[in-house]
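This report concerns only the one structure given below.
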Amino acid sequence: MDKNIKAKVMFEISQIDKLICDCEPLLDVCKIKTLDFIELSAAAMVLHSFYNGIENILLMIIKYYDKQLPNSNKWHMELLDKAFTSDDKRKQILDIALKEKMEEYMKFRHFVRHTYGFQLEWKRMEALINTISDFWKIVKDSLNVFLSDDDKEI
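For what it's worth, this note's numbering labels the leading residue of the sequence shown as 632, then goes sequentially.
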């Protein structure tokens, strides 16, 4: 992988690390109570930012290897699907075991983008926000495997 692209991917990874670290007080609150409107809104923004960061990483990697990005009206899902497949240009980016949970984060991000804050529901967010730190560790490990294997191919 081009060193500039890899540096950009590593920067995005560091940004998600910072997001998870900075929202730790909110994550602690999420584990002990049902959130009020302000806390729900903050948690929704964290989930939205989290998935956006992952999608930014996938966009950079897939554009680099595939030379083009999906462009249908379902491009977000197509991009995510590409992350779990390999072809003659690259190996799969993410472990297939992450796919179902990653789709949940993507769907929630889509919901947040197209709704009003008062429509947020704790029951829809609770599992996503309460597992975000652990899930990020697994996703980051999968990305690091991809990046380290890519280094070996150079």
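Virtual Cβ for every residue (Gly too), placed ideally from N, Cα, C. Since this is a predicted model, take the numbers as computed values, not measurements.
Query: Thinking C-alpha only, which one of D765, G748 and F715 is nearest H679?; Result: G748
Query: Taking 8 angstroms as the cut-off, decide whether the C-beta atoms of K730 and F742 are in contact.; Result: no
Query: Report buried or exposed for I661, applying the criterion of at least 16 other Cβ atoms within 10 angstroms of its Cβ.; Result: According to the sequence shown, residue 661 is Cys rather than Ile. Classification of C661: buried, given that the 10 Å Cβ count is 16 or more.
Query: From the DSSP output, in three-state form, read off N683 for me.; Result: helix
Query: Taking only the alpha-carbon atoms, compute the straight-line gap between S779 and I769 and give it to the nearest angstrom.; Result: 15 angstroms
Query: Below 6 angstroms CB to CB, which residues in the same chain sit around I688 once its five sequence neighbours on both sides are set aside?; Result: V640 and E643
Query: Does DSSP put E735 in a helix, in a strand, or in coil?; Result: helix
Query: For F766, I'd like the list of residues in its chain whose CB is within less than 7 angstroms of its CB, leaving aside the five on either flank, ordered along the chain.; Result: K732
Query: Report yes or no: do the stretch 666-678 and the stretch 749-760 share at least 3 C-beta pairs separated by less than 8 angstroms?; Result: yes
Query: With a cut-off of 8 angstroms, does the C-beta of R721 fall near any C-beta of chain B?; Result: Among the protein chains of the structure shown there is no chain B, as only one such chain exists.
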